[in-house]
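Residue numbers (our numbering), protein chains in the order written: chain A, 514 to 638; chain B, 17 to 511; chain C, 27 to 474.
Here it is in structure tokens:
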């Protein structure tokens with residue numbers, strides 16, 4: 514069973530074994546508006562937690578996607594590169610950005626679960 | 017509306033691309049025969065034909081005339097664009113800029129043959145220095161952002177000359193994006209300072225961030241909320257006390273010209289947008305000019321070239337050695353935006369010291385008139401008075417289903433260019449209104465009436481008007497997402 | 027005062043609406059010490075004819091290119107601008123419009139910029155172009171920075187063929203970016219070896235073609251050498267009319283082309299304002315600085331244009347922007363695009379051929395002067411000659427005789443004594459044979 518974690522920068526991580534699929538949340542996708550361009554990290558790149566991992570651009574904003582956890586990039590979602598709109602249509606599923614193989618599981622302790630993230634969103638209103 | 021066979025509707029004319037017209041045999045320019053000589057191209061003659069259409073003069077004139085008719089311009093409509101200072105562009109400037117003595121001189125003619133041009137640059141510089149009370153000026157920046165870069169470059173050069181390595185620049189959150197971009201271009205890291213509840217920069221937060229590693233504080237004054245930074249002297253003292261420099265973004269100088277002495281506010285450098293305060297035409301996006309006044313501490317580091325005057329006349333200084341200067345380099349080709357100087361000087365001479373002072377007074381008066389007249393219909397972000405521009409936010413649209421963007425598009429249908437929207441970022445859904453001093457009271461009142469009407473319509477739930485807008489313009493709302501997702505940036509020959 | 031529509035009655039009514047007694051009350055936040063209450067040491071307002079008189083007086087103190095035999099180039103070229111161009115750019119809807127941020131009421135500007143972008147891409151032989159920059163010098167700096175972003179290397183090699191202003195502006199603009207900039211010595215004899223200097227740290231090589239001393243080069247081998255090492259080739263063009271006759275940089279393998287567009291549609295105007303052209307390959311599109319216009323459709327499905335890809339720009343990315351540039355050279359771009367529309371392919375080729383023919387004609391006359399040596403075997407409309415005397419002095423003497431005869435290289439390179447005798451000479455379609463003979467006769471007398 515995979516568990517999903519969240520960050521205050523509105524990224525999510527879906528954990529399966531020692532790999533985490535990373536994307537941006539519905540909240541972030543809505544705030545950005547229509548996504549027009551995505552630049553994911555190169556496969557094989559080794560990320561430290563907090564690194565600028567990917568770039569996502571909409572018509573009105575450009576945003577960095579930060580690495581929520583440290584690890585090596587093992588997969589990248591070409592679909593969002595070809596069709597950036599997928600990030601708006603399905604940000605927490607088909608619009609995933611990249612998969613990282615965790616190098617430090619203890620970092621999961623610093624992330625939020627869904628309930629905590631929802632509570633966090635309420636504080637932003 | 018009845019559909020027409022042509023697709024045009026009366027004076028609303030559809031006009032295809034240049035490349036969809038003409039034929040290779042046509043040409044809109046007559047040439048003379050080429051001299052009978054053997055070419056010396058070294059075998060580098062072009063191999064492929066140039067893929068451009070051939071068009072005769074009547075076709076070209078019609079094409080661009082029709083294109084012009086799809087544009088708003090200050091000549092035809094009111095542009096209350098905050099921070100842009102869209103004032104009337106006097107045609108005298110166009111006339112004098114075209115005098116052959118200005119238009120038909122080459123930048124590298126010997127100084128003795130261009131004394132009038134050098135005198136003009138010097139005279140324009142003199143006006144700007146005298147108005148601001150600053151002793152020195154760099155005339156070469158081509159735009160405001162370029163002036164920021166110039167100012168920060170001289171600051172860095174001055175610090176290095178002192179043997180100091182300061183790496184941080186403090187920039188208010190409300191500043192225009194060019195401020196941090198220019199600082200980054202000079203190799204500085206940028207610390208953002210928040211605004212306080214009065215719409216000014218939070219001076220306590222600013223002072224807390226000061227230190228021996230701060231090279232400069234950049235401040236727009238009046239700021240992008242249209243408010244005078246009333247603690248400016250305290251900020252100047254603090255930054256100087258910390259050994260840093262005080263840079264002024266002069267985009268809003270129109271509120272102060274002739275009435276306030278920039279030097280007395282403690283600034284070490286300030287760029288002036290000639291295409292804003294001094295009314296040189298915006299030309300659809302340029303060209304402009306951003307000459308930057310400098311304090312005595314920064315003067316030696318001004319970029320080259322410079323115009324100097326001695327008993328023999330005017331000279332262009334293009335190299336550092338032997339000049340006693342320590343220039344920070346060269347930031348522009350040739351000698352600055354000369355054609356823009358001619359127009360700006362023409363405006364300055366026309367208005368004179370008294371006229372410039374009156375224009376600042378009228379600009380501030382007009383903005384406050386709009387603020388007072390619209391305070392009940394829109395939501396002013398801060399209590400007045402404002403300077404030359406008034407800031408509102410989208411609270412007045414709450415629960416109406418109408419956004420700032422929708423409101424602006426509805427203004428287009430009313431025959432006004434909208435105000436600046438979504439800037440500054442310190443309030444939500446900003447609407448920044450700058451009327452300038454060249455609008456009649458009749459125009460201001462007509463604008464007020466339209467805005468009141470639209471605000472009432474939004475309150476009454478007439479969402480349809482706003483979401484459909486604009487409907488009376490040559491094109492309706494354009495799909496910007498599509499433009500960015502599948503960029504088509506040029507015409508391509510089919511096949 | 028003729029530009030201020032408010033009457034005293036208006037001002038009174040407005041003050042009453044605001045609820046203050048005088049305008050001074052609105053300046054309450056300004057510190058007293060900064061308020062200007064004494065009169066400024068500047069003249070008061072003037073009539074239009076008085077302003078004209080003053081400016082005519084200043085204009086009259088300049089020797090205009092049209093009033094003398096004129097042979098200057100060095101990055102600014104005197105071409106005839108058709109009357110229609112100047113008339114059209116003065117239409118108020120072009121002259122007094124703003125940046126097209128509201129596309130629904132700016133389709134005129136957006137369409138002409140789209141056409142301009144197309145023309146620039148076509149004549150340079152590249153794939154895409156932006157809506158212009160301040161000038162070629164700043165465009166060169168931007169191109170070098172773009173090459174660094176693309177290759178992720180920090181070495182920039184500036185050829186000695188590059189206009190000295192493009193070179194020094196690039197060095198100044200990028201001084202604090204942390205790049206390694208190597209600027210080669212000026213190259214009047216076209217001898218420099220660039221190939222041997224490219225390595226795995228090179229982001230780009232920047233050359234000018236035709237070069238500052240007039241040399242036309244085949245850049246294909248250089249392009250290949252750059253690409254083999256993973257570097258980019260940036261080519262600068264100072265005289266845009268040259269693209270009508272010689273191989274464009276795109277056809278030789280350039281990755282980025284920058285140019286000074288002044289020569290088409292825009293007069294000399296003492297060197298300003300300029301017009302920076304910027305073109306590149308589609309694959310580098312998102313790294314291209316400056317404004318870009320893109321095609322799209324409106325809500326009714328009709329074709330139209332908008333500013334696009336603006337998320338690279340500083341009003342969104344702030345300190346992470348690709349550049350701090352906020353304006354383009356709008357009206358100058360309009361003049362360029364109208365002139366090029368009038369010229370078309372045939373006109374540009376014909377104008378370029380005429381320029382070259384005139385320059386060759388002049389070269390033949392000057393080469394016959396004893397002591398004058400031609401340094402540029404292959405050129406477009408500008409070449410370098412070496413004189414037996416210091417060229418700066420010769421130019422001054424010629425000017426005293428009312429002849430504007432070329433630009434001395436020492437003006438740009440005062441610390442290179444070997445360049446003291448080098449004179450840059452240009453001839454465009456505006457040069458008559460009579461003027462050439464006057465120049466040649468005077469030069470012969472002065473150097474003998």
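All C-beta atoms in this analysis are idealised placements derived from N, C-alpha and C, irrespective of residue type, glycine included.
- Residue 354(B) sits in a helix when the DSSP states are folded into three classes.
- Rounded to whole angstroms, the Cβ separation of residue 353(C) and residue 163(B) is 11 Å, and the two are not in contact under 8 Å.
- As the crow flies, the alpha-carbon of residue 261(C) is around 53 Å from that of residue 394(B).
- Interface residue (Cβ-Cβ distance to chain A less than 8 Å): residue 200(B) is not classified as such.
- With fewer than 16 other CB atoms across the displayed protein chains lying within 10 angstroms of its CB, residue 181(B) is exposed.
- In the three-state reduction of the DSSP assignment, residue 49(C) falls in the helix class, which pools H, G and I.
- Burial check for residue 410(B): the Cβ neighbour count within 10 Å reaches 16 or more, so the residue is buried.
- Counting C-beta atoms within 10 angstroms of its own C-beta, residue 185(B) has 16 or more neighbours from the protein chains shown and is therefore classed as buried.
- Less than 8 Å divides the Cβ of residue 202(B) from the Cβ of residue 169(B).
- The Cβ of residue 610(A) sits no closer than 8 Å to any Cβ of chain B.
- The three-state secondary structure of residue 507(B), taken from DSSP, is coil.
- For the segment 97-115 of chain B, the set of residues with a beta-carbon nearer than 8 Å to any beta-carbon of chain A is empty.
- Fully contained in the segment 121-151 of chain B are the following alpha helix (DSSP H) runs of length 4 or more, in chain order: 131-148.
- Residue 565(A) and residue 73(B) have their C-alpha atoms roughly 54 Å apart.
- Taking a Cβ-Cβ threshold of 7 Å, the residues of chain B close to residue 572(A) are 496, 497, 500, in chain order.
- For residue 627(A), the enclosing alpha helix (DSSP H) has its first and last residue at 627-637.
- Looking at the DSSP output, residue 239(B) sits in no beta bridge, so it has no partner there.
- Here the alpha carbon of residue 28(B) sits roughly 35 Å from the alpha carbon of residue 412(B).
- Residue 188(C) places its beta carbon 8 Å or farther from that of residue 231(C).
- Between residue 449(B) and residue 379(B), the CB-CB gap reaches or exceeds 8 Å.
- Annotated as distal: residue 148(B) and residue 192(B), with beta-carbon spacing of 8 Å or more.
- By the criterion of a C-beta distance shorter than 6 Å, residue 139(C) is surrounded in its chain by 157, 319, once the five residues flanking it on both sides are discounted.
- Taking the Cα positions, residue 286(C) is about 14 Å away from residue 353(B).
- Uninterrupted alpha helix (DSSP H) stretches at least 4 residues long and entirely within the segment 153-241 of chain B occur at 160-177, 194-201, 219-225, given in chain order.
- Taking a cut-off of 8 Å on C-beta distances, the segment 316-325 of chain B touches the segment 340-352 of chain B, as three or more cross pairs fall below it.
- Excluding its 5 nearest sequence neighbours in each direction, residue 311(B) has C-beta neighbours in its own chain below 6 Å: 284, listed in chain order.
- Residue 86(B) is classed as buried because its beta carbon has at least 16 other beta carbons within 10 Å across all chains shown.
- Shown here, residue 172(C) sits in a helix according to DSSP, grouped into three states.
- In the DSSP assignment, residue 75(C) falls within the alpha helix (DSSP H) that extends over 74-86.
- Annotation for residue 516(A): no alpha helix (DSSP H) segment contains it, though the beta strand (DSSP E) segment containing it runs 516-519.
- Under the three-state reduction of DSSP output, residue 480(B) falls in the helix class.
- In this structure, residue 464(C) and residue 384(C) do not form a Cβ contact; the two beta carbons are roughly 15 Å apart against a cut-off of 8 Å.
- The beta carbon of residue 547(A) sits closer than 8 Å to some beta carbon of chain B.
- Measuring C-alpha to C-alpha distances from residue 438(C) to each of 55(B), 335(B), 80(B) identifies 335(B) as the nearest.
- Using beta-carbon distances, residue 597(A) counts as an interface residue toward chain B, with a partner under 8 Å.
- In the DSSP assignment, the residues bridged to residue 331(B) are 324(B).
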